[in-house]
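For the sequence shown, the working numbering gives the first residue as 9, with consecutive numbering after it. Just so it is clear, CB atoms sit at the ideal spot from N, CA and C, and this is done for glycine as well. Here's the structure we're looking at; comments come further down.
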Amino acid sequence: NFTGRAYRPKIWSEFADGASIRFLLPERYYTKFGVEMGLLQEIINGPIYSIVNFVSKSFSGSLVDFTSPSSLAGDLFIIIIENKLVVKVTSPQCGVVYGGVKVEESVEISYKMNPGDMLYLPSFYSHEVKLDEDSEHAIVLCIVNRTPALIREWGIKLMQAMNISQAFTQKDLFRELLESTRNPEVQNSDLYVDLNSSGKIFDGVRKWLIGEDVKFIEQNERMVKREIIELQKEFMRKSPSMWLYFSERNYHITNHGAFWQDPNYEPDHENEETVGVLRMSPNRPRLEGNPYLEDLELDLRSCVRVARRSAVCVVDEDPSDPQYIFLYHTFQNSVDARDENELSFVKFPRDDLTLSMIKRLVNYYPQSVIINELAKESEEEKTKLVHALFDEGIIVATSLWEQDIFSEEEQGMERMEEEGEGIVYENVNSNGDEGDEEEDHLGFDIIDLDDNGSGYIKEEPL
């Protein structure tokens, strides 16, 4: 059931009086539904938005007015929420070509839909609805999938740029890209065009334009690759911002901000003895600062994953700046599907190590990756990359470690005690002399961890 300020009593009272109401983008007002729409957008990999229709007996016509600037073109999911509805579907007129698809004859089919039924209509099919005779009203959820329309429009512009009047194959370009980028192991839908597989997209476009076994001339090949990058950018620009699930936000930058913890120094201690602990360990290796989430820390042992695969796109050969790897994303976009967003991205100097780590994060989705296993090379490079992606909101932490300066040493000491190995504890007083427990001392134990006499200072309760 829908709730929130979009569904206040005034709407329902007008609906009861016989009015038919179309409500655009309810996900903006209902957070839980917005989260579900985000998950659906991940499954079909493309910009989507929704419309709720309250249909009365007097209503007749289409559920979505695609002639309105507020209703952006796309394929349509029609889902019956309440009561029954009759939908009449009409195919395009004979001989009309839509995105490379030539429809030979016009056909009309009527469907009687019950609660829970769903109908998927490509954008080049028209429809009309009316209430079933047995129903007083109906509530219908429409979800518009913009991906097919955007790809078909892009295909037409590409043919015009290349001065090609007709594609080699009459197959729909959207269908061609679906087949060329299909990966059953990672895709949960037959409507998923993988924008991160630019090579497979290129093969699909080539097959659609000039045939599978024909090669582009060098000039046209460069043009097609450049236009594919523009298509990837267009998807990132037109996709609404991703709604993360509630538990995911706990370990995402949107819920915490860029707060950094330096484990080498802890300011403003009330207990000067704790500060003394840090100062009395000059040989302890310095640690890099890490994003700090309450009492947890994002370090090399932590697991991370891309927040949403459909919300990021890797471009490693952008002709506008070939010296960098660009990671375009939608996390700074508006949640309103009608807004034209600025293009958001983070870029890194182009090198094979960085590219392999980024692609591993993207390709492993929805699985997590241990930061230390991103690559065999420098820990500094891995840490730097993960911190940059975390600050941009591109990744979410899926497991963190409790921040404890002495956790590793304490665990080693406990293991040694369990194994019965001798550890010598020496009580020292403030002058460094040996003394008994009743003597006044700072409350520290010096613990020898190896034969060289190196150790750390552990604070003990007085």
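If I measure Cβ to Cβ from residue 251 and keep anything under 6 Å in the same chain, skipping five residues before and after, which residues do I get? So the qualifying residues of the chain are 42, 43 and 46.
Considering only their Cβ atoms, is the gap separating residue 353 from residue 334 smaller than 7 Å? Yes.
Measuring only the C-alpha atoms, how far is residue 59 from residue 153? About 12 Å.
My output table needs one value for residue 27: the three-state DSSP class, helix, strand or coil. In this structure, residue 27 counts as coil in the three-state DSSP scheme.
At the level of alpha carbons, what is the spacing between residue 375 and residue 315? Cα to Cα, the separation comes out at about 11 Å.
Cβ neighbour criterion (16 or more within 10 Å) applied to residue 122: Exposed.
Per the DSSP calculation, residue 138 is bridged to which residue(s)? BP columns for residue 138 point to 68 and 94.
Just reading off the beta strand (DSSP E) that residue 384 is part of, what are its end residues? Counted as a single uninterrupted DSSP element, the stretch harbouring residue 384 is not any beta strand (DSSP E), since DSSP gives it neither H nor E.
Around the C-beta of residue 63, are 16 or more other C-beta atoms found within 10 angstroms, so that it is buried, or is it exposed? Buried: at least 16 other Cβ atoms inside 10 Å.
According to DSSP, simplified to helix, strand and coil, what is residue 63? The answer is strand: DSSP assigns residue 63 an E or B state.
Is there contact here, the segment 123–139 with the segment 34–41, by at least three beta-carbon pairs under 8 Å? With the rule of 3 Cβ pairs closer than 8 Å, the segment 123–139 does not count as touching the segment 34–41.
Assuming residue 313 is part of the beta strand (DSSP E), what are its boundary residues? Per DSSP, residue 313 belongs to the beta strand (DSSP E) from 311–314.
Collapsed DSSP secondary structure at residue 117 in the structure displayed: In the three-state reduction of the DSSP assignment, residue 117 falls in the strand class.
Inter-residue Cα distance where the pair is residue 254 and residue 386: Each residue's Cα considered, the two are about 34 Å apart.
Assign residue 228 to one of three DSSP states: helix, strand, or coil. Helix.
Using the Cα positions of residue 90 and residue 148, report the straight-line distance between them to the nearest angstrom. Rounded to the nearest angstrom, the two C-alpha atoms are 7 Å apart.
Coil, strand or helix - residue 203 by DSSP: Three-state result, residue 203: coil.
Reduced DSSP category for residue 399 - H, G, I as helix; E, B as strand; rest coil: The answer is helix: DSSP assigns residue 399 an H, G or I state.
The beta strand (DSSP E) spanning residue 127 covers which residue range? From DSSP, the beta strand (DSSP E) with residue 127 extends over 126–129.
Alpha carbon to alpha carbon, how far is residue 48 from residue 325? Give it in angstroms, no decimals. Inter-residue distance for residue 325 and residue 48 is about 30 Å (C-alpha atoms, whole angstroms).
Nearest chain B C-beta to residue 239 closer than 7 Å, yes or no? Here there is only one protein chain, and chain B is not present.
For residue 27, count the other beta carbons within 10 Å of its own beta carbon; 16 or more makes it buried, fewer makes it exposed. Which is it? Burial call: exposed.
Could you give the residue range of the alpha helix (DSSP H) that holds residue 364? Annotation for residue 364: the continuous alpha helix (DSSP H) segment containing it runs 360–372.
On the three-state DSSP scale, how would you describe residue 343? Reduced to three states, the DSSP call for residue 343 is coil.
Is the CB-CB distance between residue 261 and residue 54 below 7 Å? No, they are not a contact pair.
Report all residues from its chain with a CB closer than 7 Å to the CB of residue 185; omit the five preceding and five following residues, and keep chain order. Spatial neighbours of residue 185 in its own chain (CB-CB distance under 7 Å, excluding positions within 5 residues in sequence) are listed in chain order as 159, 201, 209 and 212.
Could you tell me the distance, in whole angstroms, from the CA atom of residue 321 to the CA atom of residue 75? Residue 321 and residue 75: Cα-Cα distance of roughly 31 Å.
Helix, strand or coil at residue 73 [DSSP, three-state]: Reduced to three states, the DSSP call for residue 73 is coil.
Does DSSP put residue 48 in a helix, in a strand, or in coil? Residue state, collapsed to three classes: helix.
Span of the beta strand (DSSP E), counted from its first residue to its last, around residue 352: Residue 352 -> beta strand (DSSP E) spans 352–357.
Considering residue 146, what are the terminal residues of the beta strand (DSSP E) in which it resides? Going by DSSP, residue 146 is part of the beta strand (DSSP E) stretching over 145–153.
Using the beta-carbon count (16 or more within 10 Å), is residue 238 buried or exposed? Under this definition residue 238 is an exposed residue.
Measuring straight from C-alpha to C-alpha, what distance separates residue 358 and residue 174? So the two alpha carbons sit approximately 38 Å from each other.
Please determine whether the Cβ atom of residue 246 lies at a distance below 6 Å from any heavy atom of the ligand NAP. Only the bare structure without any ligand can be found here, which leaves the ligand NAP out of the picture.
Near residue 118, which residues of its chain fall below 8 Å by C-beta distance, leaving aside the five closest residues on each side in sequence? 94, 95, 96 and 97.
Let's test the definition: count the other Cβ atoms within 10 Å of the Cβ of residue 77 and tell me whether it reaches 16, buried, or not, exposed. Burial call: exposed.
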